[in-house]
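Asks:
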Amino acid sequence: MFSIDENNSLESEKLDAYETILRVYPGINEHIDMIHYQITVPEKASVAINGFIAETVTPVKNLYLVGTDVDDRSMGITRAAYSVVKLIAVLRKEQILNS
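Going letter by letter, the sequence shown gives residues 1 to 99 in UniProt numbering.
1) In this structure, how does DSSP classify Tyr64 when only helix, strand and coil are distinguished?
2) Which value, in whole angstroms, describes the spacing of the CA atoms of Thr56 and Ser9?
3) Can you look up Val70 in the DSSP assignment and give me helix, strand or coil?
4) Of the choices Arg73, Val24 and Glu11, whose alpha-carbon is the least far from that of His36?
5) Determine whether the beta carbon atoms of Leu65 and Ala54 lie at a separation below 8 Å.
Put into structure tokens, the structure is as follows:
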């Protein structure tokens, strides 16, 4: 998740976010099938029928996902919080995080 600097154009912020991901995870571009920028205000997010919920664990080593699109329980900030709880469980199982 990135926050947008209102002094910059949306396109430059999107490019900066993408370049940051490529820099932090070298080689991730080999796993990218599609790029989607979701720019929204959480209070105005909507629910979609038959939507896809991503998994916390990705095919890229040490890249994990959290947020409102990663857990199917509840909605909004509670949904995002559940995804963090799920991540903690995964990190403990993989022995990356100690109890």
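Yeah, the Cβ is synthetic: ideal placement off N, Cα and C, and Gly gets one too.
Replies: According to the structure data:
1) The answer is strand: DSSP assigns Tyr64 an E or B state.
2) Rounded to the nearest angstrom, the two C-alpha atoms are 31 Å apart.
3) In the structure shown, Val70 falls within a coil segment according to DSSP collapsed to helix, strand and coil.
4) Ranking Arg73, Val24 and Glu11 by Cα distance to His36 puts Glu11 first.
5) Contact flag set, yes.
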